[in-house]
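Residue numbers (the working numbering): 8 to 271.
Next up, the structure:
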């Protein structure tokens, strides 16, 4: 790699920047990102979370140059929207109606608001307790949100049922990063496309990007980035796609990878 070149660094949140154990960004990661910025590199978030529930990055807010959110469906730098891809309205309605009929949990992300259907408490259990997500209490009624453009729908169903349902959603793609749920976005909206959109916005060659991730929804950006880094706690399938495997989020994985490639 070109060690004297400035890179755009893209980081997943959960399991990459933020520990599943502590729900915090490790001190070593904060220091590493601070040094990377001082060395001229740019720092971007690339997450499945919609903006309303990105509430765990306060320690590095001042370092972030832009966001790839909802798995690439909504990307922005400051107040400028870089990419916005919405789910076809009829397919969003179909998936919501199926969740209501079959009684499984679902999160619907509109361009302004979020709706939550949680008939069995699974959404609350996983998002609030396991992922320490805040702001879901600000959810709006489902019909209100369906009047907006829909960026992402997160249904809580099995991988087998996901395969069955995606056949009914030709305008959508799916990225699973948790056994209990998947993130459904518009076809062509994924983290890899978000990285490319951001690189184009910056006038940057894609080979001068580096992406860090740990889950299935990180696969496209790990493939597309000039350097794809899988965390030590990543799923095995992602590690097979990566250019480099670092240690876990709780074992200074971000710092070690940035040092390995000479960016800090």
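Just so it is clear, CB atoms sit at the ideal spot from N, CA and C, and this is done for glycine as well.
Under a 10 Å Cβ-count criterion, residue 62 is classified as exposed, with fewer than 16 other Cβ atoms of the shown protein chains found around its own Cβ.
Residue 166 sits in a helix when the DSSP states are folded into three classes. The segment 170–208 contains no complete alpha helix (DSSP H) run of 4 or more residues. Within the segment 52–125, the runs of alpha helix (DSSP H) that reach at least 4 residues and sit entirely inside it are, in chain order, 96–109. Here DSSP, grouped into helix, strand and coil, assigns residue 49 to strand.
In terms of Cβ geometry, residue 72 and residue 84 form a close pair [threshold 9 Å].
In the DSSP assignment, residue 236 falls within the unbroken beta strand (DSSP E) covering 234–237. Between the C-alpha atoms of residue 20 and residue 53 there is a straight-line separation of about 7 Å. Between the alpha carbons of residue 96 and residue 115 lies a distance of about 12 Å. According to the DSSP assignment, residue 218 belongs to the beta strand (DSSP E) that extends over 216–220. Straight-line spacing of the CA atoms in residue 271 and residue 26 works out to 22 Å. With 16 or more neighbouring CB atoms inside 10 Å of its own CB, residue 225 falls in the buried class. In terms of CA proximity to residue 120, 142 leads the group 142, 250 and 261.
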